[in-house]
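> Below are the structure tokens for one structure; questions will follow.
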Amino acid sequence: MRRKVPRMIKRLFGLYLPLAAFLFFALFPFYWMLISSFRANPELYNLQANRLWIKNPTLEQFRELFAKTAVLQWLWNSFFVSFLTSMISMSFGIMAGYALARLRFPGAQAFGLATFITYLVPTTLIFIPLASVVQYLGLSNSIWSLVVTYPTFLIPFCTWMLIAYFKSIPKDMEECAMIDGCSRIGAMVRIVLPMAIPGVIFSAMFSFTLSWNEFVYALTFISSTTHKTMSVAVPTELIRGDAYFWGELMAASLLGSVPVAVLYSFFMEYFVSGLTAGALKG
Amino acid sequence: MTTIARAQRLPASPWARRFVKPEALTGYCLISPAVFLMLVLLAYPFVLAVYISLTDRILGEPGKVIWFRNFLKLLQDSLFRQTVWNSFVYTLSTVCLKMLLGIILALLLNQEMRYRNLVRGALLLPWIVPTSLSVLTWLWMFDSLFSVVNYILLGLGLISKKIPWLGDPFWAMVSVIIVNTWRGLPFFAVSFLAGLMTIPKELYEAAETDGARAPRRFWHITLPLLQPVIAVVVLFSTIWTFADFQIVYILTHGGPVNATQIFATMAYDVALVAGRIGEGSAISLFLFPALLVVIILMLRYLRRE
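Take a look at the structure:
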């Protein structure tokens, strides 16, 4: 006869303990980033002290960071590029997604397939020739090189995301609008778009995050300090030779992580539902 | 008003009206910006990559066509063979780990609990935060002298002497695998969770009344029904991991003695650091067969659905 395991014990070993382990694994690096950036150097490099707690919290690392580096410029560059590219990609994605979800035209299927394939193409496959294209366009070492190249991987993403959203909206409503004299584009802007707002917000936000985090193109196309974005500037500008200024590095990493974390915490519901829709639609 | 008004709004040009239906014309207009951008900045660079890989181009000089000599040279190069091996080890082990842990985590998150959304949000953080910055934190956590990972493991008595995380070929590979798993796990878990939530509860109830215990229910209901999501997520992750760059670039820079060198980092080093652009292009083109396999599998899979 099987003895019934008490519910509490079952929950403890079947849920709380394993979940706590996963949470620890996921969050410890952020905790470490946080406490490393609020410590002064003597405490940071003291092997005798309790290393998992801060004794004297200080803003010294941030002060140093702001005084010695162009961190505000990098943050601004990241923001500028991410904002612009997510707006561009979302607009183009809305247009292409609507066309693929609603209109019939020869080549639509081929285009749909092409966007899907481009979504899979890793940036590391083409970054070398893209560098010469960027140079040919006269954009090397300028943040505009990122503004034109990021949409290549953002548009396919937005398009696929939005196709799913547009398809979930009943066709009848825009057909009614069109019978009442609205044009195709008018129906799209006035009827379909407002109903697809969650999808639009999700793809814009996710594009913002993807641009903010992008590394390979930014590393390849941009060489001067003042034009770098946060994700590239911190590992390349703050590590000088063999000298690692860990306090400043962690402070800068924190500054670069907080904006996307905040953005995401505000819109988490959209994020999770959007991600879910995306994962299921594939 | 209705039909006439719509008929009047046909495209102005008679040529366009004769050959293209208005709906098609709208369609073409709507996709043209995306098509243009993808042709100029994706299709063209790809063709260019193939061309450059067939030349001996070095930084600042156009070079001449040498056909497949870059590829032949690479295949004989022991460093490149090591890179191929490393890439496979890195991809296989991280994708397996992420899949396994992802299923476990999704099953945990699928249970009723308080603060479920908060927990889910917290677990997603590694995936949201800029990878280059979080990997810097890992670099600091694996520091040879100040490693907090060693500090914790020593403190708990799990190890008796410090692990040389990034200084030893074996442990360096372990480190990049850990970090990649850490970063990619949330995507797996959340996607699997989405899949789990679509499985009807009645199936489990029916199985339970038939006397099937939890492992059998998992094996015969959960896994088969989750399989489409698993397939798609694994395919996505395989190509992304295979072509990964930042984790290795920041954590080990391919070292020590190329023990963690993978395709993208080697391509970067050869093309942009050493300046041998032709050869570097050839290295990154080795990613293409992998991409092709993933695309074909994915398309076959999606067509069957």
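Chains A and B are the protein sequences, given in the same order. Throughout, the numbering used here is defined as the position within the first sequence, counted from one, plus 1. Throughout, the numbering used here is defined as the position within the second sequence, counted from one, plus 1. Don't be surprised by glycine CBs; every beta carbon is placed ideally from N, CA and C. None of these values were measured; they are calculated from a predicted model.
(1) Checking contacts by CB at 8 Å: is B:Met114 closer than that to chain A?
(2) Please classify B:Gly185 as buried or exposed, where buried requires at least 16 other C-beta atoms within 10 Å of its C-beta.
(3) Give the list of continuous alpha helix (DSSP H) stretches no shorter than 4 residues that lie fully inside the stretch 142-173 of chain A.
(4) Measure the C-alpha to C-alpha separation of B:Val175 and B:Trp166 and round it to an integer number of angstroms.
(5) Where does B:Leu11 sit, in a helix, a strand or coil, going by DSSP?
(6) Of all the options B:Val177, B:Pro229, B:Trp172, which has the alpha carbon lying nearest to the alpha carbon of B:Ile200?
(7) Tell me, please, which residues DSSP counts as bridged to A:Arg241.
(8) Looking at the C-beta of A:Met206, does it have a partner C-beta in chain B at a distance below 8 Å?
(9) Classify A:Trp33 as buried or exposed, calling it buried when 16 or more other Cβ atoms lie within 10 Å of its own Cβ.
(10) Return the Cβ separation of A:Ile129 and B:Ile278 in integer angstroms, given the expectation that the two are a contact with Cβ distance under 8 Å.
(11) Answer yes or no: does any C-beta atom of chain A fall closer than 8 Å to that of B:Gly122?
(12) Pick out whichever of A:Ala262, A:Tyr265, A:Leu255 has its Cα sitting closest to the Cα of A:Val1.
(13) Would you mind stating whether B:Val271 and B:Ile284 have Cβ atoms separated by less than 8 Å?
(14) Could you tell me whether any Cβ in chain A is nearer than 8 Å to the Cβ of B:Met39?
(15) What does B:Thr56 pair with, by DSSP beta-bridge criteria?
(16) Let me know if A:Ser285 comes out buried or exposed under the rule of 16 or more other beta-carbons within 10 Å of its beta-carbon.
(17) Under DSSP, the alpha helix (DSSP H) around B:Val150 begins and ends at which residues?
(18) Would you mind giving the Cβ-Cβ distance between A:Leu131 and B:Pro46, rounded to the nearest angstrom? I have them listed as a contact below 8 Å.
(19) Does DSSP put B:Lys74 in a helix, a strand or coil?
(20) Any beta carbon from chain E within less than 8 Å of A:Pro236's own beta carbon?
(21) Ordered along the chain, which non-local residues of its own chain (more than five positions away) have a Cβ less than 7 Å from that of B:Pro187?
(22) Could you tell me whether any Cβ in chain A is nearer than 8 Å to the Cβ of B:Val249?
(23) Between B:Val41 and A:Thr237, what straight-line distance do the alpha-carbon atoms span, to the nearest angstrom?
(24) B:Ser238 touches chain A at which residues, Cβ-Cβ below 9 Å?
(25) For B:Lys162, count neighbouring Cβ atoms within 10 angstroms of its own Cβ and tell me buried if that reaches 16, exposed if not.
(26) Which stretch, first to last residue, makes up the alpha helix (DSSP H) that contains B:Pro127?
(27) For B:Val96, go through chain A and note every residue whose CB falls closer than 9 Å to its CB, in chain order.
(28) Leaving out five residues on either side along the sequence, give the residues of the same chain with a beta carbon under 8 Å from the beta carbon of A:Tyr120.
(29) Are three or more beta carbon pairs between the stretch 83-94 of chain A and the stretch 198-213 of chain A nearer than 8 Å?
(30) B:Met114 to B:Leu108, Cα distance in whole Å?
(31) Under 8 Å, Cβ to Cβ, is there at least one residue of chain B near A:Asn142?
(32) I want to know whether the stretch 92-112 of chain A touches the stretch 215-231 of chain A - three or more CB-CB distances under 8 Å.
Judging by the given coordinates:
(1) Interface flag for B:Met114 against chain A is set, since a Cβ pair is found closer than 8 Å.
(2) Answer is buried; the Cβ neighbour count reaches 16.
(3) Qualifying alpha helix (DSSP H) stretches, in chain order: 145-150, 152-168.
(4) Each residue's CA atom was taken as its position, placing B:Val175 and B:Trp166 some 8 Å apart.
(5) With a pLDDT of 47 at B:Leu11, under the threshold of 50, the modelled position of that residue is not reliable, and no figure is offered here.
(6) B:Ile200 has its Cα closest to that of B:Pro229, out of B:Val177, B:Pro229, B:Trp172.
(7) Residue pairing of A:Arg241 in beta bridges, as defined by DSSP: A:Ala244.
(8) No, A:Met206 does not count as interfacial toward chain B.
(9) So A:Trp33 ends up on the buried side.
(10) About 6 Å separates the two Cβ atoms, so the contact holds.
(11) Yes, its Cβ sits closer than 8 Å to a Cβ of chain A.
(12) Because chain A spans 2 through 283 in this model, residue 1 of chain A falls outside it and cannot be assessed.
(13) Yes. Within cutoff.
(14) So yes, B:Met39 belongs to the interface.
(15) DSSP, once it has assigned bridges, lists B:Val66 as partnering B:Thr56.
(16) Nothing about residue 285 of chain A can be read from this structure; chain A reaches only from 2 to 283.
(17) Note, B:Val150: alpha helix (DSSP H), 149-156.
(18) That belief holds up - the Cβ atoms of A:Leu131 and B:Pro46 are roughly 5 Å apart, short of 8 Å.
(19) Helix, per DSSP.
(20) Protein chains A and B are contained in the structure displayed, whereas chain E is not.
(21) Cβ neighbours of B:Pro187 beyond the five flanking positions: Leu124, Leu125, Pro127, Trp128.
(22) B:Val249 does not count as touching chain A.
(23) Taking the Cα positions, B:Val41 is about 29 Å away from A:Thr237.
(24) For the C-beta of B:Ser238, not a single chain A residue is nearer than 9 Å; the gap to the nearest is close to 11 Å.
(25) Result: exposed.
(26) B:Pro127 -> alpha helix (DSSP H) spans 117-129.
(27) For B:Val96, there are no C-beta contacts with chain A under 9 Å, since the nearest C-beta of that chain is about 15 Å from it.
(28) Excluding residues within five positions, the ones whose Cβ falls inside 8 Å are Phe154, Pro157, Phe158, Trp161.
(29) With the cut-off at 8 Å, the stretch 83-94 of chain A and the stretch 198-213 of chain A touch.
(30) Near 12 Å, if we compare the C-alpha coordinates of B:Leu108 and B:Met114.
(31) Chain B places no beta carbon closer than 8 Å to that of A:Asn142, leaving this residue out of the contacts.
(32) In short, these stretches do not touch, since the Cβ pair count stays below three.
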